[in-house]
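Novice:
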Amino acid sequence: MKVVNQNIMTNKLKTTLYIDVTSNLQARIRQHKNHFFKGSFTDEYNLEYCVYYENFFSIEEAILREKQIKMWSRLKKEKLINSINPNWVDLWLKLKNGKILFKLSQSQEISPIVEMTFEVIYIYSHL
195 MKVVNQNIMT NKLKTTLYID VTSNLQARIR QHKNHFFKGS FTDEYNLEYC VYYENFFSIE
255 EAILREKQIK MWSRLKKEKL INSINPNWVD LWLKLKNGKI LFKLSQSQEI SPIVEMTFEV
315 IYIYSHL
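In the working numbering, the protein residues as written are 195 to 321.
1) In whole angstroms, what separates the C-alpha of E238 from that of S217?
2) Note down the Cα distance separating V236 from L258, rounded to an integer number of angstroms.
3) To the nearest angstrom, report how far apart S267 and D284 are at their CA atoms.
4) Which residue from K206, S277 and L219 puts its Cα closest to that of Y250?
5) Can you tell which of V198, L241 and E272 has its C-alpha closest to the C-alpha of I223?
6) Count the other CB atoms within 10 Å of the CB of M203; is the residue buried (16 or more) or exposed (fewer)?
7) Considering only the beta carbon of each residue, do I253 and V198 sit closer than 7 Å?
8) Helix, strand or coil for E242 per DSSP?
9) Excluding the 5 residues flanking T210 on each side, which residues of the same chain have their C-beta closer than 7 Å to its C-beta?
10) Spell out the partners DSSP gives N201 in its beta bridges.
11) Here's a check: name, in chain order, each residue in its chain whose Cβ is nearer than 8 Å to the Cβ of Y212, leaving out the five neighbours to either side.
12) Which word fits Q262, buried or exposed, when buried means at least 16 other C-beta atoms lie within 10 angstroms of its C-beta?
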């Protein structure tokens, strides 16, 4: 079963949020960081930082969630991001399966949640 990701990207100053769905989160983040889509919204606004994501096991669920979040106010989106990433650290995640099961401590280090049900998540933080 393939995992589909809904993610939120932002720029260095955190002035713009971009909500996206992808079947390959790492590749999509790499595309944004390298400005692969020249002239696109993400390129023009330098949306290179992944500050939030969720995993789904169906594209339909991911798209529904994407649409839901896009309807929210900026404040509600910020609250969602802050719920798992209060320092808005750039998340560069490599995971095998499962859902987001981590939280960021105030020191910007990863604090694992005890109930992990899958292999270790590796995280790269770009400050």
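From the three backbone atoms N, C-alpha and C, an ideal C-beta is built for every residue, glycine too.
Specialist: In this structure, then:
1) 23 Å
2) Residue identity check: residue 236 is Thr in the sequence provided, not Val. Between T236 and L258, the C-alpha separation is close to 21 Å.
3) 22 Å
4) One detail in the question is off: residue 250 reads as Phe in this sequence, not Tyr. With distances taken between Cα atoms, F250 lies closest to L219.
5) L241
6) buried
7) yes
8) coil
9) T204, Y239 and L241
10) D214 and Y247
11) I202, M203, T204, F235, T236, Y239 and L241
12) exposed
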